[in-house]
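Heads up: the protein sequence lines correspond to chains A and B, in order.
Using our numbering, the letters of the first sequence map in sequence onto residues 3 to 547.
Using our numbering, the letters of the second sequence map in sequence onto residues 18 to 350.
Heads up, the beta-carbon is just placed ideally off N, CA and C, and yes, glycines get one too.
Here the structure comes first, spelled out in structure tokens, and everything after it is commentary.
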Amino acid sequence: MARSSKRIRPGFGEIIRVCWPGIVSSLFLILIIGGTFSALLSTSSSTKIIDDFGNSTYLRKVLVFTLWQAGLSTLISVGIGVLVARAFARQQSLTGRRLILQLLGLPIVTPVIVAVLGITAVYGQSGILRENLQLLGFSWPGNFYGLPGILVAHVFFNLPLSIRMLLPAWDRIPSENWRLAAHLGMNSRQLFLWLEWPALTSVLAGTAGIVFLLCFSSFAVVLVLGGGPSTTTIEVAIYQALRFDFDPSRAASLAIVQLTICTIVILSLHRWMRVQPISSGLATTSRYRPDEKLWKYRCLDFFLIALTTSFVALPLLAIVYAGITGPLTHVLLDSRLWAAAGRSAGIALAAATTALTLAMGLLFTSRVLLFQFRNRSSSSALQILGSITFAVPPMVIGTGLFIILLPMGVVFDAAVLVIILVNAILVLPYIMRTVGPALLDAGHRYDRLCHQLDLKGWNRLRFVEWPVIRQPLGFSMALCATLSIGDMGVAALFDTSGVITLPVLLYHRFGAYRFDEAAVTALVLIILCALVFLIVDRGIGKWRS
Amino acid sequence: MKSLLCQGLTVLTLLVFAAHAETERLTIYTYSSFVSDWGPGPTIKQMFEDDCDCKLEFVALEDGAALLSRLQLEGRYSKADIVLGLDSNLTVAAKRTGLLAQHGLNISKLGLSIHWEDDTFLPFDYGYFAFVYDSETLKNAPTSLKALVQNTTGPRLIIQDPRTSTPGLGLLLWVRSVFEDKASDAWSQLAPRILTVTKGWSEAYGLFLNGEAPLVLSYTTSPAYHRHVEGTDRYRAAAFSDGHYAQIEVAAKLAHSPHQELADRFLKFMLSTEFQDVIPTTNWMFPVGATSQPLPEAFTGLVQPTQTLLLDPELVENQRHEWIKEWLEALSE
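In structure tokens form, the structure reads like this:
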């Protein structure tokens, strides 16, 4: 019994009955984002941001620089990402391939403040790399701080992310095509043009979009490696507006500019973007690549993989080295460290769960809208709403919630809740982008079957959706949890003596000249992140149902 | 049986209430390094609570700048009784919130080497900004701010942003005090040698210790930490003949606080020998009052400024925007 492909006009009650999860999630998000923005704007009577951008050459410079560095970072990360992902795809039987790919997952879960320590130790002004190059007679007179530093850090985080997002595209090329190509005697260039590029384009836009948004709203990296006022991003300008100048309405206006630009980027990408899951790309389907065994390409691939791996591994090794040569026992035997670690892990898991709840509401309803009501635009709107929160500055939400909660007298009791909530909103897009496509996929394949079998509710979730979304869900939950562990911004906004998380403890040690102890704390932080990632990823991803 | 239980409960409730009413709670907003386990906070809390029969609660904010913006944000809703850790440059902005009350104490006898008179803000420690250098990589440290600025082949340095950090603002005012109307030119001259501008002291000092640059903006007292805790003389402060800019850290009580008496008591306690004894080796600043013993050995031989610089807080507040704009323009070329 084929269903009509006409758009169905349901009644109001029907919409509420079927779509309530999405309505609740989206209302919640809109209320929080809208409420906090207007709370900040309401602190002064006039908003003069248009004037500001019109008159202030400084703000215009900030905007241009933000776009410029984000564009460059994206170009480099995704450009090199394509080359390296291709090398990985070609060398299926490389020894240690699996291990290297797992290592490349580490920067994604490394807290920014820790990674920056490692990056400066290796690539900084007096970093290991520069000193060794000098010994070899090469000298590079330029200043690392500024655009070079920002780019190095952004590539450190986003090159591995790009590789892992792009790699699954190769799995989607049917093995018949490879065989056909071999029969036709295609060379490497032709293979790329006719087989690989078409498969890549669908993931490329999504990858570039995420990387661009992450770099556009980059904050901690720019603050430490930016070098000075000539390399300020909008996100940094927002932070500055909330310091000595204390001008919340200006911060909110800047945040609106950032949000607008990011929405435009997302919307234009959404037009030709098939949202792709970030999977690990470990699947090894048997296939024959005509250029796989050629030693010319082997050398090239090994070189690319080795270079990328060392680029990523060196800063991580520097962190480990600084940690194990520090006052290890002194720091590790400190019960405060473990209390802080426990607190961080708790907050992270709570934030990930909250994000999951919000995302599931949006995703399931978005799918219902698409399949049941044939309402593509509302469906996309929910998807976009959940993906845009990357661009919402945590300082703005945090300060806004503070202003709202203040007259109620519950600010201090609510601090932990606010930290969890802000983190959940920040990491929401990862779940949207990872679980969303899998859920849609399940819909495309099984929606009709489920209707015919009258399979719905809990049973459908358990037998149809769960097997499909389990893995991306585990991965994105793990990602969310680790990102929340490393968060510092929101925790610092409240009371750093009330909620001492691991990053706060790290900063306390910085503030007390205890930089050697901070190095050990950083190592513990990175290990905690990796552990939480593994446990959540494996725990959910490999669950038997 | 039932009535006995009832009576028991009533007595218990009364006891709880009585106990609750007895312990007054004094809330102090301060910066996080003050209350961290290495800062003066824990000891001071213990000492004050032992004596006052009250609870002392610290609310730790990121730093002095966060302290001021929190005060502006909270306004009359603030639950702070005392705000501790603003520096002298921020006093006027803080006063303009209209939230602060006069301390009513006579501070003419303080051991502060700088003239300080204010009916609202009570100083609790002070220090001087200085460029700290690594004596292993920098043999000829600059001898004056003028020399540092004008030596175009000089060493690279790390400074803090005057929009986000109190040392950064301090340097801005230091350059102002020495170069006056030529401050903007001085910044342009210095700009090529500024390795990076960080958001706060911690990031700058961390990069400096990692060897990223041989010079960093910090305090004359920083070498005392390295000597006292690490036993090394490697890091030293450069003595500048054209003067060092001072930082005076102050506290004030809030006018709407329901615990005025307790707040007064704490302010008085702040100037006591016990409190001042804690400051040098936890906050790494100079005490403003008498200490029971001479300063630890690590403090002897520190740079003694031949000239102390401090601009009028009123002038700072009125000109800050203009000067920061100048700084921005000079550094973003």
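By the Cβ criterion, the region 123-136 of chain A is in contact with the region 214-230 of chain B, since at least three pairs of Cβ atoms, one from each stretch, lie closer than 8 Å. Here A/Y448 is near A/V466, since their CB atoms are less than 7 Å apart.
Contact of A/Y147 with chain B by beta-carbon distance below 7 Å involves L212 and T213. Here A/M434 is buried: its Cβ has 16 or more other Cβ atoms, across all protein chains shown, within 10 Å. Sequence-distant Cβ neighbours of B/H261 in its own chain, meaning closer than 8 Å and more than five residues away, are Y145, F146, A147, W191, T237, V320, P322, Q324, T325 and L326.
Listed along chain A are Y241, Q242, R245 and F246, each with a C-beta nearer than 8 Å to that of B/T181. Rounded to whole angstroms, the separation of the alpha carbons of A/L269 and A/L384 is 12 Å.
Chain-order list of chain A residues neighbouring B/S219: Y509, F512 and G513, by C-beta distance under 8 Å. Closest in C-alpha terms to B/Y46, from the list B/T290, B/K270 and B/F75, comes B/F75. Interface annotation for the region 98-130 of chain A against chain B: T122, A123, G126, Q127 and S128, criterion Cβ-Cβ distance under 7 Å.
Taking 7 Å as the threshold, the shortest C-beta distance from A/V226 to chain B falls below it. Taking 7 Å as the cut-off, the beta carbon of A/E133 is found no closer than this to the beta carbon of A/V333.
Contacts with chain B at 7 Å (Cβ-Cβ) include A/G229.
At a cut-off of 7 Å between beta carbons, A/F221 makes no contact with chain B.
At a cut-off of 7 Å between beta carbons, A/S232 contacts chain B.
For B/S235, no CB of chain A lies under 7 Å from its own CB, so it is not counted at the interface with that chain.
Per DSSP, the continuous beta strand (DSSP E) segment holding B/F146 begins and ends at L139 to D151. Between B/K62 and chain A, the shortest Cβ-Cβ separation is not below 7 Å.
When only Cα atoms are considered, A/R369 and A/I121 end up about 42 Å apart. Counting along the chain, no alpha helix (DSSP H) covers B/G102; the unbroken beta strand (DSSP E) around it starts and ends at I99 to D104. Residues of chain B with a Cβ closer than 7 Å to the Cβ of A/F404 are, in chain order, L90.
When DSSP reads this structure, B/H261 sits in a beta bridge with B/T325.
Of all alpha-carbon atoms in A/M479, A/A480, A/S46 and A/L296, the one lying nearest the alpha-carbon of A/D249 is that of A/S46.
Bridge partners of B/P304 according to DSSP: B/D142. The Cβ atoms of A/I115 and A/P162 do not sit closer than 7 Å to each other. By the Cβ neighbour-count rule, A/P317 is buried, with 16 or more other Cβ atoms within 10 Å of its own. Contact between the region 115-129 of chain B and the region 208-223 of chain B is absent: fewer than three C-beta pairs spanning the two stretches fall below 8 Å. Under the 7 Å criterion on CB atoms, B/Y252 is classed as non-interfacial with respect to chain A. Counting only runs of at least 4 residues, the region 28-90 of chain A fully encloses the following alpha helix (DSSP H) elements, listed from N- to C-terminal order: 51-57. Beta-bridge pairing by DSSP links B/T215 to B/Q177. Secondary structure at B/R42: strand, using DSSP grouped into helix, strand and coil. Put simply, the backbone Cα of B/D142 is about 12 Å away from that of B/F51. Residue pairing from DSSP places B/K72 in a beta bridge opposite B/R42. The Cβ of A/L319 sits no closer than 7 Å to any Cβ of chain B. In the DSSP assignment, A/R345 falls outside any beta strand (DSSP E) and within the unbroken alpha helix (DSSP H) covering S337 to F373.
Per DSSP, A/V238 has no beta bridge partner at all.
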